[in-house]
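One structure below.
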Amino acid sequence: SDSTPQVIVIGAGIAGLAAAAKLQANGYRVQIIEGRDRIGGRIWTSRTWNDMPVDLGASWIHGVTQNPLTDLADTARIERTPTDYENSLVYTMDGEELDDAAVEQLEEQLVTLLDAVAELVEDTDDMSLAAAMQQVLVEQAESIDQPRLNFSINSTIEHEYAADVEELSAQYWDNDGEVVGGDVIFLDGYDQILDQLTADLTIHTGQPVNAINYTAESITITTNTTTFEAEHVIITVPLGVLKQGRIQFTPPLDATKTDAITLLGSGLLNKTWLRFPTAFWPKEPEIINYIDEQKGRWAEFLNIYHYTDSPILLGFNAGSYARMLESRSDAEIIADGMQVLRTIYGQEIPDPEAWQITRWGADPYAFGSYSFLGVGATDALRDDLAQPIAGRLFFAGEATERTYPSTVHGAYLSGLRAADEVMQA
Ligand code: 6YU
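Taken in order, the sequence shown gives residues 1 to 425; the numbers are from my numbering.
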């Protein structure tokens, strides 16, 4: 009948919304089934603070030039604010500020190290990025200030790839496509870019899918309350959800798929938003960096006070340090962050009066922040994950995108790609 959907899209994140909007624009009857009681997925703007919206998932458009998100934002006239990563301060464990020359030296050291790693892995078996770095350092007999090296690794690699250098593949960790034009944030909320996609779509929220049954003749999906039938299904749930086996496939997925799901990594980046009674830190820098002995400890704060007049800091933690923190209470996480801030700005600074803390690793609709390529993985696995099954089941989402994985624009492009595949099926 006319009310039965031709296509069901599982997940109302940017990939699912892009796929559904494109199919509907091409005359398909589409319905979206979303597990959570909200849309957006890993784009999640909280509006519980009066002074500003708070992005708990994605913050940036990574590389605004020739980026489809720039077109979306232009069309909807959404205000964007550039981030100048150079406009940063770096503090040591003694709370001392590093001068520009020292920061530059750190950056150069890291570039040299990564160049040597790239050369090393050209003719060796894959190993972890940490092992490759270690090997290069030993070969160069380089004496290196370990905390400082940890810091550059942390703020430049582990935050971006949401995994420890001990996990990342030395061959493939940065095999993703280059982005150009600089990064921007949405001070009024990343979720604004969803509006024009969702305008005419039918979205059922609060319906976690737990089973997919497919044959060459038909495909049905089952939620807690309902069974839906369609001609085609596009599944966009995060890699972490697939890894956890939250959805039962009948017949089971083949080895190519299950290998891709096992070998691709589901990484972790968490955010801690802290709002203080007054700002006790400088307004000028956009990024406040901190070098700790312990790798991964509060290496980076985005200075929201720079952009607005609100006394707010946004802390980032990634990889194993983020995983360790996730198991702690809010009070313990804040105490850890405050210890770092007190090292820099003095014992007398006030505690935050409000906070918002993410736990993406424990989130049953994400089980991680975004995917990465660990040792044993190659970017071809992303194509394996993307490959349609039985002409009926199609895959999209950040982890299926070979060129721009782990980003919003990559997820968006994967949704368009899956829509094309359905139209050609
Ligand atoms: C980007 C960025 N960014 C931070 C954090 C996170 C991510 N990313 P979705 O998950 O959205 O959708 C799937 C849907 O399926 C969802 O709605 C589910 O609820 C639903 N679902 C699940 N299970 C279901 C079931 N069983 N049944 C039904 N439905 C089900 N990307 O471009 N810019 O700034 C960030 C960031 C904390 C968590 C990000 C960023 C990643 C994107 O958010 C992500 O790829 C896409 O949103 C995924 O979309 P999707 O549709 O594929 O999945 C000096 C100096 C250096 C500078 N340093 C900066 C350091 C920071 C580096 N990176 C920062 C990244 C951030 C902040």
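Yeah, the Cβ is synthetic: ideal placement off N, Cα and C, and Gly gets one too.
Assigned secondary structure, residue i (DSSP; H/G/I helix, E/B strand, else coil)
i: R392; result: coil
i: D55; result: strand
i: A211; result: strand
i: S218; result: coil
i: I247; result: coil
i: H62; result: coil
i: Y412; result: helix
i: T400; result: helix
i: L385; result: helix
i: R275; result: strand
i: A86; result: The residue you asked about is not Ala; residue 86 is Glu in the sequence shown. E86: coil per DSSP, three-state reduction.
i: V422; result: helix
i: Q105; result: helix
i: Y321; result: helix
i: E229; result: strand
i: E97; result: strand
i: Q31; result: strand
i: I203; result: strand
i: L110; result: helix
i: V375; result: coil
For residue j and residue i, the rounded distance between their alpha carbons
i: L264; j: I349; result: 43 angstroms
i: V138; j: E167; result: 20 angstroms
i: G41; j: A101; result: 41 angstroms
i: I247; j: I344; result: 46 angstroms
i: Q356; j: T272; result: 6 angstroms
i: T81; j: I61; result: 10 angstroms
i: H159; j: A19; result: 28 angstroms
i: Q135; j: V9; result: 46 angstroms
i: D74; j: N67; result: 11 angstroms
i: L514; j: E122; result: The question about residue 514 has no answer here: the residues shown for the chain are numbered 1 through 425.
i: G391; j: A76; result: 35 angstroms
i: I234; j: Y305; result: 41 angstroms
i: L23; j: L194; result: 16 angstroms
i: G315; j: L274; result: 8 angstroms
i: T198; j: L17; result: 7 angstroms
i: I203; j: G27; result: 17 angstroms
i: E108; j: D115; result: 10 angstroms
i: G206; j: T223; result: 9 angstroms
i: V237; j: A366; result: 8 angstroms
i: D99; j: M324; result: 31 angstroms
i: E229; j: T124; result: 49 angstroms
i: I287; j: T227; result: 48 angstroms
i: E370; j: P405; result: In the sequence as displayed, the identity of residue 370 is Tyr instead of Glu. Going from the Cα of Y370 to the Cα of P405 covers about 8 angstroms.
i: A425; j: Y321; result: 44 angstroms
i: L72; j: L413; result: 13 angstroms
i: V103; j: A354; result: 32 angstroms
i: G346; j: E421; result: 58 angstroms
i: A25; j: F280; result: 51 angstroms
i: P208; j: G11; result: 9 angstroms
i: A130; j: E231; result: 47 angstroms
i: G118; j: W44; result: In the sequence as presented, Gly is not what sits at residue 118; that position holds Ala. Cα to Cα, A118 sits roughly 36 angstroms from W44.
i: D309; j: A335; result: 24 angstroms
i: G361; j: F151; result: 23 angstroms
Where residue i falls, given that 16 or more other Cβ within 10 Å makes a residue buried
i: A58; result: buried
i: T277; result: A small correction: the amino acid at residue 277 is Pro; Thr does not occupy that position in the sequence shown. Flag for P277 reads exposed.
i: V111; result: exposed
i: V452; result: The structure shown does not extend to residue 452, since the chain is modelled only from 1 through 425, so no value can be given for it.
i: N210; result: exposed
i: K295; result: buried
i: Y85; result: exposed
i: Q171; result: buried
i: E332; result: exposed
i: G240; result: buried
i: Q31; result: buried
i: T407; result: buried
i: S218; result: exposed
i: R38; result: exposed
i: D164; result: buried
i: R47; result: exposed
i: I157; result: buried
i: E300; result: buried
i: Q192; result: buried
i: E97; result: exposed
i: T225; result: exposed
Chain B contact for residue i (CB, 7 angstroms cutoff)
i: A131; result: In summary, chain B is missing from the structure at hand, where a single protein chain is found.
(request) Run through the region 127-191 for me and flag every whole beta strand (DSSP E) of 3 or more residues, listed as ranges in chain order. (result) With a minimum length of 3 residues, the unbroken runs of beta strand (DSSP E) contained wholly in the region 127-191 fall at 183-185.
(request) Give, in chain order, every unbroken run of the alpha helix (DSSP H) that is at least 4 residues long and sits entirely within the region 324-362. (result) Runs found: 330-345.
(message) Which runs of the alpha helix (DSSP H) at least 4 residues long sit entirely within the region 278-308? Give them in chain order.
(response) Note on the region 278-308: whole alpha helix (DSSP H) runs with a minimum of 4 residues are 304-307, in chain order.
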